[in-house]
Amino acid sequence: MAKPLGEICGSVALPALVIAEAGKLAAEVFSAAEEQAFCGDEVETLSVPAWALQDGPAWLPDLQALGYRRELADVFGRERRELLVATPGVEPHADDEGLVLMIVLHNDGLMFKQGRVKYAPNAGDWFVFDDRKAHGVDGGTDDGREMFVGWNIPIERI
């Protein structure tokens, strides 16, 4: 039986380069948000960098075995892009992406929440959630520099 949307489905061993670069990215995004007094976007979206793509097929979950595939366009023909998302925390909100495979590349203890599901995923954990339903990231260790960085891959059921 499939796990409820939002629950951790598994974990992958991230390459050392991905761990290091995701940590650097987290620090850069936090510093930029801090300079703006956290008045900018709550979630930064970035193109997936080469360091994340390197050897990605070797460690990414096998979507087909899970009953999913990457979705390149929505029902209206709009392109759905893979992105990195980075946030020091975001209030519950809904977007319009649909089903998403989220691979956690960096997390300083922030909690992912969707519906009744709530947990602090570790780097390498992955889960499927519905971006159209309310979800948020918050509740870190309050040392002042918590960040969440994830690889957001649009998917659809086969």
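At position 28 of the sequence shown the residue is numbered 28 (UniProt numbering), and the sequence of numbers has no breaks. All C-beta atoms, glycine included, are put in the ideal place defined by N, C-alpha and C.
Self-check item: Beta-carbon spacing of L60, I19 below 9 Å
Solution: Locating residue 60 in the sequence shown gives position 60, counting from the first residue. Locating residue 19 in the sequence shown gives position 19, counting from the first residue. Contact flag unset, no.
Quiz prompt | Same chain, Cβ closer than 6 Å to G136, five either side skipped, listed in chain order | solution = Counted from its first residue, the sequence shown places residue 136 at position 136. For G136, where only same-chain residues beyond five positions count, the Cβ hits under 6 Å are V90, E91, P92 and K113.
Practice problem: Take G139 and list the residues in its own chain whose beta-carbon comes closer than 6 Å to its own, dropping the five residues that flank it on each side. | Solution: For the purposes of this step, residue 139 is taken as residue 139 along the sequence shown, with counting starting at 1. Closer than 6 Å at the Cβ level, and outside the excluded window around G139, lie M111.
Quiz prompt | Three-state class that DSSP yields for G10 in the structure shown | solution = As a first step, residue 10 is located in the sequence shown; it is residue number 10 there, counting from the start. Three-state result, G10: strand.
Quiz item: Would you say F112 reaches chain B, if we count a Cβ-Cβ gap shorter than 9 Å as a contact?
Solution: The chain labelled as chain B is not found in the depicted structure, where only one protein chain is given.
Exercise. Please go through the stretch 3-63 and give each complete beta strand (DSSP E) segment of 3 or more residues, from N-terminal end onward.
Key: 8-11 and 44-47
Practice problem: Kindly list the residues whose CB is nearer than 8 Å to the CB of W51, restricted to its own chain and excluding five residues on each side of it in sequence; keep chain order. | Solution: Taking the first residue of the sequence shown as position 1, residue 51 is located at position 51. L17, V18 and E21.
Self-check item: Option in L66, P49, V149 and A13 with minimal Cα separation from L5
Solution: Position 5 of the sequence shown, counted from the start, is the residue given in the question as residue 5. That would be L66, whose Cα lies nearest to the Cα of L5.
Self-check item: Same chain, Cβ closer than 6 Å to H106, five either side skipped, listed in chain order
Solution: On the sequence shown, position 106 is the one that residue 106 refers to. Correct list, in chain order: A22, G23, A26, A123 and V149.
Exercise. May I have the straight-line CA-CA distance separating M1 from L101, to the nearest angstrom?
Key: Here residue 1 is taken as the residue at index 1 of the sequence shown, counted from 1. Here residue 101 is taken as the residue at index 101 of the sequence shown, counted from 1. Reliability fails at M1, whose pLDDT of 48 lies under 50, so the model's placement of it is uncertain and the value that follows must be treated cautiously. One C-alpha to the other measures close to 18 Å.
Quiz prompt | Complete beta strand (DSSP E) runs within the stretch 126-151 (minimum length 3 residues, chain order) | solution = 135-138
Quiz item: Can you pull the DSSP bridge partners for I158?
Solution: What you label residue 158 is simply residue 158 of the sequence shown in a count that begins at 1. Answer is none; I158 lacks a bridge partner.
Quiz item: Is the Cβ-Cβ distance between P88 and E146 less than 9 Å?
Solution: The residue given as residue 88 occupies position 88 in the sequence shown. The residue given as residue 146 occupies position 146 in the sequence shown. Their beta carbons are under 9 Å apart, which means P88 touches E146 by this criterion.
Quiz item: Hey, V43 and W126 are a contact pair by Cβ (cut 8 Å); roughly how many whole angstroms apart?
Solution: Residue 43 sits at position 43 when you count from the first residue of the sequence shown. Residue 126 sits at position 126 when you count from the first residue of the sequence shown. Contact flag wrong, Cβ pair sits at about 18 Å.
Quiz item: Which residues mark the beginning and the end of the beta strand (DSSP E) in which N107 is found?
Solution: As a position in the sequence shown, residue 107 is number 107, starting the count at 1. Taken as a continuous stretch (DSSP letters only), the beta strand (DSSP E) holding N107 covers L99 to N107.
Quiz prompt | Simplified DSSP state of A65, which is helix, strand or coil | solution = Position 65 of the sequence shown, counted from the first residue, corresponds to residue 65. Reduced to three states, the DSSP call for A65 is helix.
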